[in-house]
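All remarks here apply to the structure that follows.
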Amino acid sequence: MQNHWAERADRVTVTLMSPETTLQDPLRFHRKSPPCAVVIYGANGDLTKRKLMPALYRLAFEGRLAPGFAVIGVSRTAMSHDDFRDKMYESVKKFLEDSPFDEELWKSFAQGVFYQSGDVGDAESYKDLAKCLASVEESRKTEDNVLFYLSTQPSQYAEIAEGLAGAGLNKGKGWRRIVIEKPFGHDLQSAGELNGRLQKCFNESEIYRIDHYLGKETVQNIMAFRFGNGIFEPLWNRTYIDNVQITAAESIGVEGRGAYYQEAGALRDMIQNHLLQVMATVAMEPASSFTSDAVRDERAKLLRAIRIMRPEQVPDNAVAGQYGPGRTGSQPLQGFLSEKGVSPDSQTNTYAAVTFLVDNWRWAGVPFYIRTGKAMPKRVSEIAINFRTAPLAMFRKATAGAEALPNMLILRIQPEEGISLRFASKRPGSGMQLRPVSMDFNYGSSFGERSPAAYETLLLDAITGDATLYTRQDMVEASWNAVMPILDYWSTQKFNFPNYAAGTWGPPESDEMLARWGHTWRKP
Amino acid sequence: MPTSVEKPIKPEQILKELGELWTNMAKPQAGDSASDSHDGGVLRACAMTLISFVDDEEDAMDLGNTIASLMKEHPSRSVVVRLKEGEGFLDCRVFAQCWMPFGQRRQICCEQVEITSSMNRLADVASIVGPLAVPDLPRVILLRSARLVRAGALRKVLGLGDKIVVDSSRPGAPGFGELGGLLDAGHITGDLAWTRITELRSLIAQLLDDHTPKKITIDYAGREAGPEARYIEAWLESSLPSTHIGLQGDGHDGSGKPTLITVDDNLKIHLKDGGGCAEYEIDGMRQRASMSKGTEEELLNAELAIVIHDKVFERALNRITA
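So the protein sequences, as listed, match chains W and A.
Counting with the numbering used here, you get residues 1 to 524 for the letters of the first sequence.
Counting with the numbering used here, you get residues 525 to 846 for the letters of the second sequence.
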């Protein structure tokens, strides 16, 4: 036995010493990408111009990209490599955030930017792409590592994946990964169908479903807050938490995206994906390690534990809204039905609020209220954890009701990212009067450094093979499963829309939903 | 708003002054509306105690600007000790550094204590600064002058710091000898000359990947290698023991800073724009890597984020001082 442990000790010593004889310095060096090519489908689209290329350039600016890094833009428009580079040059200059533009660096970066025109429905276009990739691999030494980023209409995802597989581009000497943007299907059935087609072409581990909300620093900080500190987790359960409120409000209307939004609606556009992922992050069990599968397993378990509503439970637990004309700030805002591309009798929800219950030991009986809406009084995303009140109201007489205010922990996602804790404090002076006060942590004041944009984080994650912040198929299906009864029920209803004025916090039914539990919405 | 503190200086008196300063700042100012006073106000931010020693007037102003910039990334209780010629002089004032983040309504403020002392009162300074440090948060000492390192009374103050940061490339600053002494005494140390080459080291590590070259030459400007060039040499020697590492100057007057890294005669990394960028050619592709200019503020921001022993740095420093 002793020899066995001696051997183990030797092995451990060797393992610990080995990093000291390399050039790596994990304390100071940033994570960098391996050599690879990123193929962007939909290279002429808005997302490429506004987010993807600026994010890739910024990674180059920070020295995070390998010397032979390459980007190949693909879209239908015929264009030369140089034309594409010129377009991207303008886009990056225009949409680069919080970062200087270095002309000389762009020249170096642009050497690795290429363009390939092709129709996604044309099998020949994939063969052309294969030739282009071979040529890029030859000149840039990308080690045959390829990330396909589908920034196209969701209806084209499966077709492109099949086209890539048909041309043998789903396999190679290096790794292959495919990134798709939400929505992942229109409902549970279509999500399953999409997944079935994608998984015939790529392994699940090669499919990266992007949810840019999970790339936000403050959403990632939820995990750091919960699992990097010892004091909160013991309180993080039904014994101490009364209810949780998750809000994602926008002060603008649909702003010209009426035609798209009419097909989606707030429940599909925000709750099914972003906000249920946020809820899963807030409520999941601690993972055994900070590895992508361990974290995603816990998120998936939480999503599967959400109680599925029966049709008769939907009216009491889900509220749909649509904004009419009103004002946000000093600006008048037209109603949704007056937006361009919107049918005058549209039944689309621009506001949705849902009460979810989680059937597990930690959360049994704790309502999770989620709301999202357009044309709200202000743009704010936050999570409010409402704790139970003190068990004995010993200051009731002297507090004029203030003691009844429970402790509240606010995790602010945007703007003014940070964390606040509300608690009661004695007012100075004789007598015992309590007043709620707030203890604030402000991300900006404690870390003045620039936070990377969500797409920088997520692109680098995909390139380096870290899927922690990407959603897995079982998570997608579990979240569709949670909202399907609501969608099905609402599809049978005729709503009396609009039911809230722009610039207000949604329809009164939303307040009534919480009132049934004895709660009220926090006013952010 | 500076507030004078009467002699004799007592730490609890300074802390009281700081408390009063915050109370006054939290009060609504003339012209504030009721809602401003409720939603606005100031946010007191503190993530560490930063103790800085400077020994001449010009340096103190320069340092003051740097500290003001640092507060955004590392909000601190800043204690600046200004050492003056003369005898028996000791004074103190407290004030706040505030800024309004873009798009927000509340100011963020950090507190500063400035102690002015003659060299012969350094022993008193040590007993004042200690109790002023914020409990439970890291304490970092920024030392700019070698003279101070050698001052006997300062040793007590150095003992208060979790980390001591110097910039060995500054004229008159503590050098490798003093740094090695601090390291031997068990202090966590940091050198901005080392921080300055982080991006270059990262680039070299990326380009070499797992390849072990036979020979690497570091060219520098001047007759004598500066701290940065020597750190690169020591880092490479300790990381690649089987590689021959050479260091050569251009023989002219110069800064001693690295200008070119040559790996096995087939990779040349040219350092340009005063270290603001590196150009190199690999696999027939000419590449440019953008690097930060390495201002004192940028370097301190990076260094203050590390308050644990940095094994890679200590290995390189030990190699130089051995």
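All residues carry an ideal CB built from backbone N, CA and C; glycine is no exception.
Around the C-beta of residue i, are 16 or more other C-beta atoms found within 10 angstroms, so that it is buried, or is it exposed?
i        : result
Ile832/A : exposed
Leu392/W : exposed
Ala259/W : exposed
Asn589/A : exposed
Ile231/W : exposed
Glu62/W  : buried
His274/W : buried
Phe368/W : buried
Pro782/A : buried
Hey, does residue i have any beta-carbon neighbour from chain W nearer than 8 Å?
i        : result
Val836/A : yes
Thr590/A : no
Asp715/A : no
Leu732/A : yes
Ile538/A : no
Ile639/A : no
Thr722/A : yes
Arg725/A : yes
Ile793/A : no
Met549/A : no
Met809/A : yes
Arg812/A : yes
Ser763/A : yes
Using 8 Å for Cβ pairs, my map puts residue i next to residue j. What's the rounded Cβ distance?
i        : j        : result
Leu409/W : Glu382/W : Incorrect: roughly 11 Å between the Cβ atoms, too far for contact.
Tyr323/W : Gly335/W : 6 Å
Val649/A : Ser641/A : 5 Å
Asp788/A : Pro737/A : 5 Å
Leu337/W : Pro498/W : 7 Å
His794/A : Gly746/A : His794/A to Gly746/A, Cβ: 17 Å. No contact.
Pro35/W  : Asn145/W : 6 Å
Taking only beta-carbon positions, decide if residue i is within less than 8 Å of chain A.
i        : result
Phe61/W  : yes
Pro183/W : no
His30/W  : yes
Gly68/W  : yes
Ser99/W  : no
Lys173/W : no
Gln414/W : no
Thr328/W : no
Thr142/W : no
Glu382/W : no
Thr457/W : no
Gln525/W : Only positions 1 to 524 of chain W appear in this structure, which leaves residue 525/W out of reach.
Asp102/W : yes
Mapping the DSSP letters down to three states, classify residue i as helix, strand or coil.
i        : result
Asp511/W : helix
Gly228/W : coil
Lys131/W : helix
Leu96/W  : coil
Leu684/A : coil
Met809/A : strand
Gly780/A : coil
Lys817/A : coil
Gln334/W : coil
His794/A : strand
His711/A : coil
Val219/W : helix
Tyr41/W  : strand
Ile463/W : helix
Gln433/W : coil
Glu206/W : helix
Lys523/W : coil
Met572/A : strand
Ser155/W : helix
message: Quick test of the definition: if touching needs 3 or more C-beta pairs under 8 Å, does the stretch 27-34 of chain W touch the stretch 764-774 of chain A?
response: Here the stretch 27-34 of chain W makes no contact with the stretch 764-774 of chain A; the two share fewer than three CB pairs at distances below 8 Å.
- prompt: Contact between the stretch 229-247 of chain W and the stretch 322-329 of chain W: three or more CB pairs below 8 Å?
  reply: Too few Cβ pairs lie closer than 8 Å, so no.
- request: Tell me, please, whether the stretch 107-117 of chain W touches the stretch 63-79 of chain W by the rule of three or more beta-carbon pairs shorter than 8 Å.
  value: Counting C-beta pairs closer than 8 Å gives three or more between the stretch 107-117 of chain W and the stretch 63-79 of chain W, which meets the contact rule.
message: With a threshold of 8 Å, are at least 3 pairs of Cβ atoms found where one atom belongs to the stretch 309-324 of chain W and the other to the stretch 459-468 of chain W?
response: Here the stretch 309-324 of chain W makes no contact with the stretch 459-468 of chain W; the two share fewer than three CB pairs at distances below 8 Å.
query: Below 8 Å, can you find three or more Cβ-Cβ pairs linking the stretch 800-814 of chain A to the stretch 676-694 of chain A?
result: Short answer: they don't touch.
task: Specify whether the stretch 568-578 of chain A and the stretch 601-614 of chain A touch according to this definition: at least 3 beta carbon pairs, one from each stretch, less than 8 Å apart.
output: Touching, yes.
- prompt: Is the stretch 54-61 of chain W touching the stretch 182-197 of chain W, taking contact as three or more C-beta pairs under 8 Å?
  reply: Flag = no, the stretch 54-61 of chain W and the stretch 182-197 of chain W do not touch.
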